[in-house]
Amino acid sequence: MHTTPAAASSSLSSSALDLQRGASLREFNTFGLPSTAACLVRIHSEADAKRVVNDPELGRAAKFILGGGSNLVLTQDINRCVLKVEIKGRQVVETRDDAWIVEVGAGESWHDTVQWCLDQGMPGLENMALIPGTVGAAPVQNIGAYGVELKDRFESLDAVDLITGRSVTLNAAQCRFAYRDSVFKQELANKSVITRVRLCLPRPWQPVTGYLELERKMAETGISAPDARQIFQWICEVRRAKLPDPAVIGNSGSFFKNPVVTAEQCRDIISRDPEIVHYPLEDGTFKLAAGWMIDACGWKGKSIGRAGVYEKQALVLVNRGGANGAEVVTLARAIQESVYGRFGIRLEPEPVVV
């Protein structure tokens, strides 16, 4: 990790910031849930983040970092200084024999970045197409889909320490990636704001096609050796078929993590429910399909208040119109109890509940 000194505080003030008080956050969370921020600051650059830290008032205020709001359930107003990260830019910073290193601003759309890399002839992210949210949020959640996780394509990131105002660079080990987890959801939660992410796209490219939906596409089309563009298109088709567009129906994508169990637990569940969808992992454990279990408990299409379970994919909770965060949480807890009662497994939510 290396650091650089914060800029002199004397030249910085809140007047130079893109700041709004009493700001509605409804349009900034993909669930479309009502919430008001005491103070909202749009972060357009690393310098903006440092201005916040050095501001006499904002520097001392508790912070809440907001990316695309796609992994968030707002149950109340936010009485903190909300930092909405909008840093842009993409560039290839290094071309190595074994990889391309691409640096991306934390405010860029993740899906647009996947597409941009493909358009530049740099595959490797296609399995994570159409994951909502920003590039800066990707390491926080260690996003992943269809056999590839962010940590598999990660080089390093830059962040600003919200206590000291110093710039820091973290490698993969320092980010402590785990399944839908990282140091930014643990001890660095709302204490560092990610400004830029460097992705490592491997050369030569190798397809990752070990998921059921991709195997089906290969069988249906007769394409046994798809290229990256073909995989990208398939992933987009699969996701659009079962995931609602947040612009049309408020949601945060997959609401629960797929649970990981021991081989013994998996055998026990299969003996009772032979149809359960499960995937072996390298360490001998098994990942179970949470959506399958929720569906098996009869939740698909059901609602509590104005929050419901999406008709096409039981893993997705939706805002049927005018829902609040409390209704979403009530529905989620009811599903957890139902799944635990049948399978003995406690599902963990993916989004951050505030």
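Heads up, the sequence shown is in the numbering used here, so the first residue is 1 and it goes up one at a time.
The beta carbon of each residue, even a glycine, is placed where N, CA and C say it ideally should be.
- Contact annotation, C200 with I101: C-beta distance approximately 6 Å; criterion of less than 8 Å satisfied.
- Assignment of D48 by DSSP, reduced to helix, strand and coil, places it in the helix class.
- Taking a cut-off of 8 Å on C-beta distances, the stretch 200–214 touches the stretch 120–140, as three or more cross pairs fall below it.
- Contact between G32 and N324 does not hold, since the beta-carbon distance rounds to 10 Å and is not under 8 Å.
- When C-alpha distances from P204 are compared across V328, W116, T95 and D161, the shortest belongs to T95.
- In the DSSP annotation of this structure, the continuous segment of the alpha helix (DSSP H) that includes P139 starts and ends at A137 to Q141.
- Counting only runs of 4+ residues, the alpha helix (DSSP H) found wholly inside the stretch 70–147 occupies 110–119 and 137–141, in chain order.
- Here N29 is buried, its C-beta having at least 16 other C-beta atoms within 10 Å.
- The alpha-carbon separation between L170 and K312 amounts to approximately 39 Å.
- Measuring C-alpha to C-alpha distances from E86 to each of V160, I78, V135 and R153 identifies V135 as the nearest.
- Spatial neighbours of I78 in its own chain (CB-CB distance under 8 Å, excluding positions within 5 residues in sequence) are listed in chain order as L25, S35, T36, A37, A38, F64 and V354.
- Judged by beta-carbon spacing, V193 lies within the 8 Å limit of V160, meaning their Cβ atoms are closer than that value.
- The straight-line gap separating the alpha-carbon atoms of I231 and M128 is approximately 10 Å.
- By the Cβ criterion, the stretch 249–260 is in contact with the stretch 283–301, since at least three pairs of Cβ atoms, one from each stretch, lie closer than 8 Å.
- In the structure shown, the three-state DSSP call for Q20 is strand.
- Secondary structure in the stretch 151–227: the alpha helix (DSSP H) runs of 4 residues or longer, each lying completely within the stretch, are 172–175 and 212–221 in chain order.
- Leaving aside the five residues that flank L19 on each side, the residues in its chain whose CB is nearer than 6 Å to its CB run, in chain order, V41.
- A Cβ-Cβ contact shorter than 8 Å links V316 with P244.
- Nearest to I235 by alpha-carbon distance, out of I131, D48 and R90, is I131.
- Per DSSP, F64 is not a residue of any alpha helix (DSSP H); the beta strand (DSSP E) it occupies stretches across K63 to L66.
- Secondary-structure assignment with DSSP links R42 through a beta bridge to D18 and K84.
- The three-state secondary structure of L331, taken from DSSP, is helix.
- Judged by DSSP secondary structure, A307 falls within the beta strand (DSSP E) whose first and last residues are A307 to V309.
- G222 has its alpha-carbon roughly 14 Å from the corresponding atom of T209.
- In the structure shown, F232 adopts helical secondary structure according to DSSP, grouped into three states.
- S35: not part of any beta strand (DSSP E); DSSP gives it neither H nor E.
- In this structure P226 touches P207 by the C-beta definition: roughly 6 Å separates them, less than 8 Å.
- Around the beta-carbon of I163, fewer than 16 other beta-carbon atoms lie within 10 Å, marking it exposed.
- When rounded, the separation of the alpha-carbon atoms in Q91 and D152 is 19 Å.
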